[in-house]
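Chemist: Okay, here's the structure, questions in a sec.
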Amino acid sequence: MITKNDREVYFHAGTNTTNENNLWIEKKANVVNAYEHSSLLEKAIYADNPDNYYQSNGLSPKDYAIVGGGFPIFVKGTGIVGTLIVSGLTDEGDHDLAYKALTALKQAQ
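The opening position of the sequence shown corresponds to residue 96 in this note's numbering, with each subsequent residue numbered one higher.
Okay, here's the thing in structure tokens:
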């Protein structure tokens with residue numbers, strides 16, 4: 096899913112995805128929107144105690160997921176204008192796919 100200014104502008108569901116993927120997308124997007132960096136970074140920060148993330152921030156794992164696959168979209172001179180969220184692989188696989196897509200887009204410009 097890609098959002099621009101909190102509005103969904105692109106969504107693609109593969110043949111092997113389910114509504115569960117949509118739930119993970121929402122949770123990852125919540126993390127990206129709250130902290131303005133990748134969802135995998137939050138996982139790395141709280142690697143020793145993931146439960147502490149939820150307790151110290153007053154958040155619920157029903158609404159937030161500190162796993163890979165969520166990225167903010169930055170525009171130089173403007174800041175964050177949207178998100179790119181991937182779900183369906185391992186969290187590191189989701190992160191890698193999103194990173195490669197953003198890198199390829201940047202190189203094409």
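We treat Cβ as the ideally placed atom computed from N, Cα and C, and that holds for glycine.
1) Please name the residue in Ala129, Pro167 and Val170 whose C-alpha comes closest to that of leucine 154.
2) Could you check what DSSP says for proline 219 in three-state terms: helix, strand or coil?
3) What does the alpha-carbon distance come out to for the pair isoleucine 168 and aspartate 191?
4) Taking C-alpha atoms, which residue in Glu187, Asn144, Gly188 and Gly177 lies nearest to arginine 102?
5) Going by beta-carbon coordinates alone, are isoleucine 140 and isoleucine 180 separated by less than 8 Å?
6) Ignoring anything shorter than 3 residues or poking outside the stretch 114-177, list the beta strand (DSSP E) runs there in chain order.
7) Taking Cβ to Cβ, would you say glycine 163 is nearer than 8 Å to aspartate 146?
8) Report all residues from its chain with a CB closer than 7 Å to the CB of phenylalanine 104; omit the five preceding and five following residues, and keep chain order.
Modeler: Let me lay it out:
1) Considering only alpha carbons, the answer is Ala129.
2) Only positions 96 to 204 of the chain appear in this structure, which leaves residue 219 out of reach.
3) 15 Å
4) Closest by alpha carbon: Gly177.
5) no
6) 165-170
7) no
8) A small correction: the amino acid at residue 104 is valine; phenylalanine does not occupy that position in the sequence shown. Closer than 7 Å at the Cβ level, and outside the excluded window around valine 104, lie Ile97 and Thr98.
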